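S.K.:
Number of protein chains: 2
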Amino acid sequence: MNCCENKDYTIDNEQLARFAKAMGHPARIAILNFLAKLDSCYFGDIHNELPIAKATVSQHLKELKDAGLIHGEIETPKVKYCINLENWDKAQKSFELFFADCKSKIECC
Amino acid sequence: MNCCENKDYTIDNEQLARFAKAMGHPARIAILNFLAKLDSCYFGDIHNELPIAKATVSQHLKELKDAGLIHGEIETPKVKYCINLENWDKAQKSFELFFADCKSKIECC
DNA sequence: AATAATGTTCGTAATTTTGCGAACAACGAA
DNA sequence: TTCGTTGTTCGCAAAATTACGAACATTATT
Numbered sequence: 002m003n004c005c006e007n008k009d010y011t012i013d014n015e016q017l018a019r020f021a022k023a024m025g026h027p028a029r030i031a032i033l034n035f036l037a038k039l040d041s042c043y044f045g046d047i048h049n050e051l052p053i054a055k056a057t058v059s060q061h062l063k064e065l066k067d068a069g070l071i072h073g074e075i076e077t078p079k080v081k082y083c084i085n086l087e088n089w090d091k092a093q094k095s096f097e098l099f100f101a102d103c104k105s106k107i108e109c110c
Numbered sequence: 002m003n004c005c006e007n008k009d010y011t012i013d014n015e016q017l018a019r020f021a022k023a024m025g026h027p028a029r030i031a032i033l034n035f036l037a038k039l040d041s042c043y044f045g046d047i048h049n050e051l052p053i054a055k056a057t058v059s060q061h062l063k064e065l066k067d068a069g070l071i072h073g074e075i076e077t078p079k080v081k082y083c084i085n086l087e088n089w090d091k092a093q094k095s096f097e098l099f100f101a102d103c104k105s106k107i108e109c110c
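Protein chains in written order, with the numbering used here: chain B, 2 to 110; chain L, 2 to 110.
(1) At the level of alpha carbons, what is the spacing between P52 (chain B) and T77 (chain L)?
(2) Have a look at B:A92, B:D46, B:F99 and flag the residue whose alpha-carbon is nearest the alpha-carbon of F35 (chain B).
(3) So, does the CB of L123 (chain B) fall closer than 8 Å to a CB anywhere in chain L?
(4) Could you name the residues of the same chain whose beta carbon sits closer than 7 Å to that of M2 (chain B), not counting the 5 residues immediately before and after it, in chain order?
(5) Considering G45 (chain B), what are the terminal residues of the beta strand (DSSP E) in which it resides?
(6) What residue range does the alpha helix (DSSP H) around H61 (chain L) cover?
(7) Using the three-state DSSP reduction, which class does I71 (chain B) fall into: helix, strand or coil?
(8) Given this structure, state the Cα-to-Cα distance separating A54 (chain B) from N14 (chain L), to the nearest angstrom.
(9) Using DSSP with H/G/I as helix, E/B as strand and the rest coil, what is I84 (chain L)?
(10) Quick one: residues in its chain with C-beta nearer than 7 Å to the C-beta of A28 (chain L), no 5 flanking neighbours on either side, listed in chain order?
(11) Please report the distance separating the alpha-carbon of D102 (chain L) from that of G69 (chain B).
(12) Mapping DSSP to helix, strand and coil, what is K79 (chain L)?
(13) Buried or exposed: I30 (chain B), going by 16 or more other Cβ atoms within 10 Å of its Cβ?
(14) With a CB to CB cut of under 8 Å and the five nearest residues on each side skipped, what residues in its chain are close to S95 (chain B)?
(15) Which residues in chain L sit within 8 Å of L70 (chain B), going by Cβ to Cβ distance?
(16) Rounding to the nearest angstrom, what Cα-Cα distance links I75 (chain B) and K66 (chain B) in this structure?
(17) Could I get the ranges of all uninterrupted alpha helix (DSSP H) runs contained in the stretch 9-44 of chain L, with 4 residues as the minimum, in chain order?
(18) Could you check whether G73 (chain L) and K79 (chain L) sit closer than 8 Å to each other, using their CB atoms as the reference points?
(19) Which of helix, strand or coil does DSSP assign to K91 (chain L)?
(20) List the residues of chain B whose Cβ lies closer than 8 Å to the Cβ of D9 (chain L), in chain order.
(21) Check this for me: beta carbons of A23 (chain L) and I107 (chain B), under 8 Å apart or not?
(22) Using a C-beta cutoff of 8 Å, does A56 (chain L) count as contacting chain B?
(23) Please name the residue in L:G25, L:N49, L:C42 whose C-alpha comes closest to that of C83 (chain L).
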């Protein structure tokens with residue numbers, strides 16, 4: 002392992018892992034599903050769909066927001082959360098590409 | 002919240018979250034990419050691709066194995082890791098379905 | 001038997017994640 | 001002003017994740 006080798010992860014790998022990590026909890030998958038269905042996207046309704054405390058829901062929403070998968074805006078006195086369409090497409094494409102790329106190469110075992 | 006409501010997560014959500022969680026670290030994404038490329042799939046070669054200690058690599062491999070994305074077998078004196086094709090397809094389809102399902106419903110914001 | 005090569009497991013530490021209740025902030029209504 | 005509604009943030013605790021070096025196990029070679 003010499004000093005010139007670059008062993009860091011690629012930007013693409015980091016980005017995909019970030020999306021995957023955000024999706025790595027059933028509550029957050031449920032939230033994304035719910036937001037996509039769009040019966041409503043207010044915090045209270047999301048909370049109602051989930052078996053966890055509102056403080057915890059708020060945290061999960063924050064993580065999804067930090068990962069770029071959703072965004073929220075205040076509609077006094079409620080807060081409206083939505084899928085972040087731009088990054089949603091990006092995420093979808095990242096996963097598609099990942100699986101497609103790998104699949105085209107797999108021959109093993 | 003009465004006793005008859007079922008607020009648990011669905012099996013599908015749990016499964017997708019499990020796959021996503023396993024993919025939620027750049028080292029594990031890198032491992033999967035590497036295994037798919039299949040320049041080789043021995044532990045030592047995987048370790049060589051990554052900027053982390055072998056004990057850590059071993060742990061990541063264990064997690065990918067537990068999630069069902071890869072499997073490993075001993076080829077004395079080495080250990081050969083490979084993509085688990087069956088579950089790989091399952092994972093791919095899970096993500097595809099998730100994004101497709103959501104996308105068909107999104108209209109928000 | 002001693003050594004070398006290959007990985008796993010153990011013990012440990014630092015950090016992150018998950019979760020909750022309580023307190024808080026912002027706003028509208030009584 | 002005082003409530004009530006809606007969510008966030010704080011403080012805390014428990015558990016899981018990430019990472020490492022050292023020790024260990026296994027097998028082949030000397």
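Ideal Cβ positions, reconstructed from N, Cα and C, are used throughout, including at glycine. None of these values were measured; they are calculated from a predicted model.
M.R.: To lay it out plainly:
(1) 48 Å
(2) The option with the nearest alpha carbon to F35 (chain B) is B:D46.
(3) Examination of residue 123 (chain B) is not possible in this model, given that chain B is present from 2 through 110 alone.
(4) At M2 (chain B) the pLDDT is 32, less than 50, meaning the model places this residue with poor confidence; the figure from the coordinates comes in the next sentence. Nothing meets the Cβ criterion.
(5) Element bounds for G45 (chain B): not the beta strand (DSSP E) but the alpha helix (DSSP H), 44-50.
(6) 55-67
(7) I71 (chain B) falls in the strand class under three-state DSSP.
(8) 19 Å
(9) strand
(10) L51, I53, H61
(11) 19 Å
(12) The three-state reading of DSSP puts K79 (chain L) in strand, counting E and B together.
(13) buried
(14) Cβ neighbours of S95 (chain B) beyond the five flanking positions: D13, Q16, L17, F20.
(15) Taking the beta carbon of L70 (chain B) as reference, no residue of chain L falls within 8 Å; the closest one sits roughly 10 Å away.
(16) It is roughly 14 Å from the alpha-carbon of I75 (chain B) to the alpha-carbon of K66 (chain B).
(17) 12-23, 27-38
(18) no
(19) K91 (chain L): helix per DSSP, three-state reduction.
(20) P52
(21) The answer is no: Cβ separation not under 8 Å.
(22) no
(23) L:C42
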